[in-house]
Every structure is written in structure tokens, then in C-alpha cells.
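Undergrad: Per our numbering, the very first residue in the sequence shown carries number 21; after that it's consecutive.
Each residue gets a CB set at the ideal place from its N, CA and C atoms; glycine is no exception.
This structure is in C-alpha cells; I'll ask about it shortly.
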Amino acid sequence: MLDAAMAVERWTDLSDGASGGVLEALQRRAGALPQISLTYEAEHKLLWITLRPEPKPVLTLPLIESIRKVQISVWEMWGRAPDRPILFMACRSRGRVYSLGGDLDYYLDCLARNDQAGLVDYARAASDVILMSRNGLNGSVITLSAVHARVMGGGVDSARGCNVMVAEEDATFCYPEVNYNHFPISAVPILSRHTGAVEAEKILLSGRDYSAAEFLDRGVVNALVPKGSGEDWIRRYCAGSQASHAARVALFAAFNAQSGDLASALEGAVASWVSHIMTLTPLEISKLQRITAAQERMLGRLLRNPVEAPAVS
21 MLDAAMAVER WTDLSDGASG GVLEALQRRA GALPQISLTY EAEHKLLWIT
71 LRPEPKPVLT LPLIESIRKV QISVWEMWGR APDRPILFMA CRSRGRVYSL
121 GGDLDYYLDC LARNDQAGLV DYARAASDVI LMSRNGLNGS VITLSAVHAR
171 VMGGGVDSAR GCNVMVAEED ATFCYPEVNY NHFPISAVPI LSRHTGAVEA
221 EKILLSGRDY SAAEFLDRGV VNALVPKGSG EDWIRRYCAG SQASHAARVA
271 LFAAFNAQSG DLASALEGAV ASWVSHIMTL TPLEISKLQR ITAAQERMLG
321 RLLRNPVEAP AVS
């Protein structure tokens, strides 16, 4: 295993091959990373995490665990070293859906086996990733997300858990769970930090679609940009923020502290969510089953009517 000094030395020694060196060191430390891919842009000190969930665009446990391994590895290897290669970490997705939210198939499988521990593991892993995103890997990086398309439920929270979220004008946001007597794990502690409790309650209880412009007006989105330009906006943000990186990290930390203890709030949210899931009636479980079937039909329609997706860099 590479310690921090070895990792920085490895990155520095490679010079022209810095991008490959950083990724090589990171992937060696993190191990297998199913359902995500990594891209490093040395000029911006930016690590991209591209979500590649299978078999459909939801927050699967393997995807969540892969992101968590990357977060932990970046912190353990470079921490707050003065010349660390990664100052920014950004999440993005591909295709006509950013994320459909939590993995309902996994929930249903746990319920069928009466596997409460499996639900706890999922909820805690998802919350851990959001907490690490929100605190910028213990104050070492600025985290960002680029939402280009439809995002629902827990997918909103995973993107909004980052310090900065940019949305393209075609993006739409929805928390439909309340319509099925359900709710996303971390929505209350994450969403309310941007909209306030009253507006967050309205959004979560409405179950309706919101445009990117509406979420900008409500303080959920940091920037609204034209279609196809979200990733370039992040690159410009990184280029313009390197000189003030430490100050920005400190400000994010101060605002996080002002909003209360997120770790405790997420811990309470996990307990509440698991308790609720375990008490769903057979009728309510059948509704979740119908949602998964509807997701598959929707994805089938998208596959039959494809549009050109941006190439992965």
C-alpha cells in the first residue's frame, strides 16, 4: 500500500505523465471500483467520478461503495499535503438520466429476506458518502456535481451533498417517494441546508417535478448553465478557485458548522428510514415493485429512442 509521501513522490516524479500516475496510485490504493470510472485532469487538479451503475441508473450498493473507497483513498494518500494533486472532486453521469435515486430492487430483496442489516448497511454507506462529500474529505478538497438530465430522490441528495452543484437547463428534479408512502434517506438534512426547513418540506411533500431554474430560485442549485456546458463550468470553477482553495474550504466548513451536526442528522435519518422501510405493508411493497417495473419500461423507451450522449474524456 502507498503512504501519503510515496503517493505524492510518485505523482511528482512522473511530470508529463502526471495524470496516469495519479490514477495509477489511486486505483492501486482503492482496489476494484465497480460501476464508476475515474478521470484526472492535472491542469485543474480535478478528479472526475463518472457514475456507471448497472443494470439501471440507480444508486446501487457497489456504486456507493466504490465512491466511498475513492474518497477514503484520496484522503489517506494525500490528506492536506501542501502539494497534493487533487484539490477538486466532481461527480457526473452519462445518458438521458442522471440518476433515478435509491436502488428499489435492493430494498425489495432485503424486505423479501427480512434483512434489516442489509438495509442498514446500504443507508449508512450512502450517508457516509454524502457526509464525506459535504465536508470535502475532511477539508482537503472541494466537491462538485454536474447534473445534466433527470434526477430523482436519493440521486438529488447525492449530487446536492457536494459543496457545489451545477445543473444544465434541461435537468429536472423530483422527490416522488411521498406518493408511495416512502421517503429518501438523507433528503431532509441535505435539502433543508439549502432551502430552509419550510421550503424543503414543501418540495418533499409535493412529489412533483421541478425544473433546474426552479431549483436555482430555491437555492438548491449553485449555477444554471446551458445544455452540454456543465462540465466546462466546473473546469472554469476549478481554474478560478485554485488560488483561493483554502479559503473556500474554510468557508464551506464554517457554513456546514452553522447548519448543525450533519453526522448526527444523517445517523438519525438512517434509523428513521430503516424503521419505516421495515414496516411497509404488502400493499405498499407492491407499489414499490410497480415503480421498478415502470423504471424498466422508461429505460426501454429511452433505449429505443437514443440520443447522442457526450463522449467520456
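Check the DSSP bridge columns for residue 272 and list the partner residues they point to.
TA: As a first step, residue 272 is located in the sequence shown; it is residue number 252 there, counting from the start. Answer is none; residue 272 lacks a bridge partner.
Undergrad: Is the stretch 275 to 292 touching the stretch 208 to 222 in the sense that three or more CB pairs, one from each, lie closer than 8 Å?
TA: yes
Undergrad: Residue 157 and residue 95 look like a contact to me (Cβ under 8 Å); what is the Cβ gap, rounded to whole Å?
TA: Indexing the sequence shown from 1 puts residue 157 at position 137. Indexing the sequence shown from 1 puts residue 95 at position 75. Correct: roughly 5 Å between the Cβ atoms.
Undergrad: Nearest-angstrom Cα distance between residue 289 and residue 321?
TA: For the purposes of this step, residue 289 is taken as the residue at position 269 of the sequence shown. For the purposes of this step, residue 321 is taken as the residue at position 301 of the sequence shown. Approximately 35 Å between the Cα atoms of the pair.
Undergrad: At 4 residues or longer, what runs of the alpha helix (DSSP H) sit wholly inside the stretch 113 to 147?
TA: Here the runs fully enclosed are 124 to 133.
Undergrad: When the Cα atoms are used, what is the spatial distance from residue 247 to residue 187?
TA: Here the question's residue 247 lines up with position 227 in the sequence shown. Here the question's residue 187 lines up with position 167 in the sequence shown. For residue 247 and residue 187, the distance between alpha carbons rounds to 9 Å.
Undergrad: Which residue wins for smallest C-alpha separation from residue 306, given the options 124, 295, 107, 101?
TA: As a first step, residue 306 must be located in the sequence shown, where it is residue number 286. If we check each option's Cα against that of residue 306, 124 comes out closest.
Undergrad: Determine the burial state of residue 147: buried for a count of at least 16 other Cβ atoms within 10 Å of its Cβ, exposed for fewer.
TA: Along the sequence shown, one-based indexing puts residue 147 at 127. Buried, since its Cβ has 16 or more Cβ neighbours within 10 Å.
Undergrad: How close, in whole Å, do the beta carbons of residue 112 and residue 166 come, if the pair is a contact with beta carbons under 8 Å?
TA: Counted from its first residue, the sequence shown places residue 112 at position 92. Counted from its first residue, the sequence shown places residue 166 at position 146. 5 Å between Cβ atoms; contact.
Undergrad: Are at least three pairs of beta-carbons, each pair with one atom in the stretch 268 to 283 and one in the stretch 38 to 56, less than 8 Å apart?
TA: no
Undergrad: Can you grab the Cα-Cα spacing for the pair residue 175 / residue 70, in whole Å?
TA: Locating residue 175 in the sequence shown gives position 155, where the first residue counts as 1. Locating residue 70 in the sequence shown gives position 50, where the first residue counts as 1. In a straight line, the C-alpha of residue 175 is about 14 Å away from that of residue 70.
Undergrad: Here's the rule: buried if 16 or more other CB atoms are within 10 angstroms of the residue's CB, otherwise exposed. What is residue 299?
TA: As a first step, residue 299 is located in the sequence shown; it is residue number 279 there, counting from the start. It counts as exposed.
Undergrad: With burial defined as no fewer than 16 other Cβ atoms inside 10 Å of the residue's Cβ, what is the status of residue 180: buried or exposed?
TA: On the sequence shown, position 160 is the one that residue 180 refers to. In summary, residue 180 is buried, with 16 or more beta-carbon neighbours lying within 10 Å of its beta-carbon over all protein chains present.
Undergrad: Mind checking whether residue 294 and residue 139 have CB atoms under 7 Å apart?
TA: Here residue 294 refers to the residue found at position 274 when the sequence shown is read from its first residue. Here residue 139 refers to the residue found at position 119 when the sequence shown is read from its first residue. Taking 7 Å as the Cβ cut-off, residue 294 and residue 139 qualify as a contacting pair.
Undergrad: Here's the rule I'm using: 16 or more other beta-carbon atoms within 10 Å means buried, otherwise exposed. How should residue 317 be labelled?
TA: Along the sequence shown, one-based indexing puts residue 317 at 297. Exposed.
Undergrad: DSSP three-state call for residue 294: helix, strand or coil?
TA: Along the sequence shown, read from residue 1 onward, the residue named residue 294 stands at position 274. Residue 294 falls in the helix class under three-state DSSP.
Undergrad: Can you grab the Cα-Cα spacing for the pair residue 257 / residue 269, in whole Å?
TA: Position 237 of the sequence shown holds residue 257. Position 249 of the sequence shown holds residue 269. So the two alpha carbons sit approximately 14 Å from each other.
Undergrad: Excluding sequence positions up to five away, which residues of its chain have a Cβ less than 7 Å from the Cβ of residue 231?
TA: Indexing the sequence shown from 1 puts residue 231 at position 211. Excluding residues within five positions, the ones whose Cβ falls inside 7 Å are 192.
Undergrad: Chain B beta carbons: is any one of them nearer than 7 Å to that of residue 276?
TA: Note that chain B does not occur in the displayed structure, where there is just one protein chain.
Undergrad: Is residue 83 closer than 7 Å to residue 73 when the C-beta atoms are compared?
TA: Numbered from its first residue, the sequence shown carries residue 73 at position 53. Numbered from its first residue, the sequence shown carries residue 83 at position 63. Yes, the Cβ-Cβ distance between residue 73 and residue 83 is below 7 Å.
Undergrad: Could you compute how far the alpha carbon of residue 60 sits from the alpha carbon of residue 163?
TA: Here the question's residue 60 lines up with position 40 in the sequence shown. Here the question's residue 163 lines up with position 143 in the sequence shown. Roughly 14 Å between the two C-alpha positions.
Undergrad: Rounding to the nearest angstrom, what Cα-Cα distance links residue 241 and residue 276 in this structure?
TA: Mapped onto the sequence shown, residue 241 falls at position 221. Mapped onto the sequence shown, residue 276 falls at position 256. One C-alpha to the other measures close to 16 Å.
Undergrad: Looking at C-beta atoms only, is the number of pairs between the stretch 219 to 230 and the stretch 193 to 201 that lie closer than 8 Å three or more?
TA: yes
Undergrad: Is residue 70 helix, strand or coil by DSSP?
TA: Here residue 70 refers to the residue found at position 50 when the sequence shown is read from its first residue. Three-state DSSP puts residue 70 in a strand.
Undergrad: For the beta strand (DSSP E) that contains residue 229, what are its first and last residues?
TA: On the sequence shown, residue 229 is found 209 positions in, with the first residue counted as 1. Start and end: 229 to 231.
Undergrad: Considering residue 194, what are the terminal residues of the beta strand (DSSP E) in which it resides?
TA: Start at 1 with the first residue of the sequence shown, and residue 194 comes out as number 174. Taken as a continuous stretch (DSSP letters only), the beta strand (DSSP E) holding residue 194 covers 192 to 194.
Undergrad: How should residue 310 be labelled, buried or exposed, when 16 other C-beta atoms within 10 angstroms of its C-beta is the threshold for buried?
TA: The residue you call residue 310 lines up with position 290 of the sequence shown. Answer is exposed; the Cβ neighbour count stays below 16.
Undergrad: Express the C-alpha separation of residue 143 and residue 13 in angstroms, rounding to a whole number.
TA: The chain is shown only over 21 to 333; residue 13 falls outside these bounds and no answer can be derived.
Undergrad: For the beta strand (DSSP E) holding residue 187, just list the boundary residues, first then last.
TA: For this step, residue 187 is matched to residue 167 along the sequence shown. Residues 184 to 188.
Undergrad: Rounded to whole angstroms, what is the Cα-Cα separation between residue 106 and residue 245?
TA: Translated into positions along the sequence shown, residue 106 becomes position 86. Translated into positions along the sequence shown, residue 245 becomes position 225. Distance between the alpha carbons of residue 106 and residue 245: 25 Å.
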